[in-house]
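All letters in the sequence shown, in the order written, are residues 398 to 713 by the working numbering.
Each residue gets a CB set at the ideal place from its N, CA and C atoms; glycine is no exception.
The model shown is predicted, which means the values in this text are computed figures rather than measured ones.
Scroll down for the structure; my scribbles are underneath it.
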Amino acid sequence: MRTLKFKNGDLMPAVGLGTWKSEPKMVENAVEHALKNGYRHIDCAAIYGNENEVGNAFKKVFDSGEVKREDVWVTSKLWNNAHKKEDVIPALKQTLKDLQLDYLDLYLMHWPVAFSPEVKFPEKDEQFLSLEEVPLSETWEALLEAKKQGLVKHVGVSNFSSTKLENLRKETTEMPEMNQVELHPYLQQNDLLEYCSEHGINLTAYSPLGSGDRTEDMKADDEPILLENEVIQKIAKKHNASPAQILIKWAELRGTAVIPKSTNEGRIEQNLQSVGYELDKEDFQEIAKLDKHYRYVKGDAQFATEGNSYENIFDE
Ligand code: A2P
C-alpha cells in the first residue's frame with residue numbers, strides 16, 4: 398500500500414478505516430476486524446461518540462500481541478468546544494484515555510469553528526465563540542504544545558480552506574502537516590491539493606464513498622449517490638472491482654490518504670483490497686469530468702448561524 402510521508406520520515410498508510418457514524422456497538426468489532434485483516438490506520442474523533450469502544454478494540458488487539466501499537470497509525474480530532482488554549486490538552490487526554498493509548502500519531506483541529514465549552518452542537522448564535530475571542534492560531538499553538546509534550550507525534554487540521562491555511566501560515570512558525578477534508582470525484586479539491594502540496598501539507602479524503610449513512614437532517618433531498626454514478630460503475634465493471642474500490646483507489650493514486658467507513662466485515666476487507674487494483678489514464682480522465690464541487694458535508698446543519706455560515710467555514 399502507498400504511504401504518505403511526514404517531515405520527520407514517519408509514514409502513514411494511505412488507506413485507513415473511518416469511524417464517523419459507526420455505532421458504538423458495532424465499531425469495536427469493526428476496528429478489531431480491520432486490524433486483524435491488515436488495516437494499519439484508524440481514523441477517530443471525540444465527537445463520533447465511540448472512542449471508548451474503539452479503545453476496547455485497540456486494547457484487545459494490542460494486548461493479544463497480534464498487532465503492535467507502533468505499527469498502527471491512529472488519528473483523532475479535537476472537538477470545537479475545546480478550542481481555548483487551556484482546554485486543548487485536557488480534551489486530548491480524555492481521547493487518549495478513551496482510546497486506551499499513550500500517544501496519538503496525529504491530532505487534528507476538527508473544524509475552524511469554536512463553540513462554548515458546554516456546547517456540543519450549537520443551536521443559537523450565543524453558543525459560538527467568535528474567532529476574535531478564540532483565534533484559530535491560539536488553538537493551533539496549543540496543538541503544537543501537545544506535540545512538544547509527546548502526547549501526539551503529528552498535528553494538523555481538518556475542514557480548512559487554503560485561505561485559512563494561508564492565514565495560519567502568517568501567524569505560526571510551524572504549519573499543519575495534515576488537512577483532512579471531504580474529497581471524492583464530485584468534490585475533487587484540485588486547488589486545495591495544489592496549495593497543500595506546495596506547502597508540504599498532506600491531505601486525507603473523508604466521505605470518499607459519499608457517506609450515504611448520514612442522518613436524514615444532514616442530507617439534501619436531491620443529493621447525488623456517488624456509489625451509483627454510471628461512470629464509476631462502468632470503470633468498476635471494467636476492472637472487475639466494486640464502485641467503492643474504484644473510489645478508494647482513485648483517492649490513493651492521487652496521493653491522498655483515504656478513510657472509507659464501514660462496520661461490515663466483508664466491506665471492511667473489500668475496501669482494503671482496493672489497493673490491489675490499478676486505474677489507467679482513461680479512467681482518470683473520465684473521473685476528472687465528474688467534479689462538480691458538490692459537498693455532502695456542508696457544515697451548515699451543524700454550524701450555520703449568522704457569524705458562522707457555510708460560506709465562512711469553507712471561504713467560498
Ligand atoms: P457500511 O458501514 O454498512 O459498510 P463514507 O466512507 O464515504 O462515509 O461512506 C460510508 C458508507 O458507505 C456507509 O454507509 C457504509 O456502509 C458504506 N460502505 C462502506 N464500504 C462500502 C462498500 N465497499 N460498498 C458499498 N458501500 C460501502
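Can you pull the DSSP bridge partners for residue i?
i, result
"Glu579", "Tyr603"
"Pro410", "Thr400"
"Ser473", "Tyr504"
"Lys658", "Gly415"
"Gly553", "Leu505"
"Phe512", "Phe525"
"Leu584", "His581"
Taking buried to mean at least 16 other C-beta atoms within 10 Å of its own C-beta, is residue i buried or exposed?
i, result
"Leu408", "exposed"
"Ala454", "buried"
"Ala617", "exposed"
"Asp680", "buried"
"Thr612", "exposed"
"Phe518", "exposed"
"Thr346", "The structure shown does not extend to residue 346, since the chain is modelled only from 398 to 713, so the question has no answer here."
"His438", "buried"
"Gly462", "exposed"
"Ser559", "buried"
"Asn405", "exposed"
"Asn434", "exposed"
Could you give the residue range of the alpha helix (DSSP H) that holds residue i?
i, result
"Asp440", "Note, Asp440: premise wrong, no alpha helix (DSSP H); beta strand (DSSP E) at 438-440."
"Met506", "Per DSSP, Met506 belongs to no alpha helix (DSSP H); it is in the beta strand (DSSP E), 501-506."
"Leu644", "640-650"
"Asn564", "559-568"
"Asn627", "Per the sequence shown, residue 627 should be read as Glu rather than Asn. Start and end: 627-636."
What does a CB cutoff of less than 8 Å around residue i pick up in its chain, not counting 5 residues either side in sequence?
i, result
"Leu496", "Cys441, Glu448, Val451, Gly452, Phe455, Val471, Ser473"
"Glu649", "Met398, Arg399, Ala411, Val412, Val655, Ser671, Val672"
"Leu562", "Val554, Met572, Pro573, Asn576, Tyr592, Cys593, His596, Ile598"
"Tyr674", "His636, Ala638, Gln642, Ile643, Lys646"
By Cβ distance, which residues of its chain are closer than 6 Å to residue i, with the 5 residues on each side in sequence left out?
i, result
"Leu501", "Val471, Ser473, Val549"
"Leu580", "Gln586, Ala602"
"Phe700", "Val510"
"Tyr445", "Thr416, Trp417"
"Thr660", "Ser419, Met423, Ala427"
"Ile710", "Gly696"
Cutting at 7 Å between CB atoms, please list the residues of its own chain near residue i, excluding the five before and the five after it.
i, result
"Asn477", "His507, Trp508, Val510, Ala511, Phe512"
"Ile622", "Gly607, Gly609"
**Q.** Residues near ligand 1, criterion Cβ-heavy atom distance below 6 Å
**A.** Any residue whose Cβ sits closer than 6 Å to a heavy atom of ligand 1 makes the list: Gly415, Ser604, Pro605, Leu606, Gly607, Ser608, Gly609, Asp610, Leu624, Ser639, Ala641, Pro657, Lys658, Ser659, Thr660, Asn661, Arg664, Gln667, Asn668.
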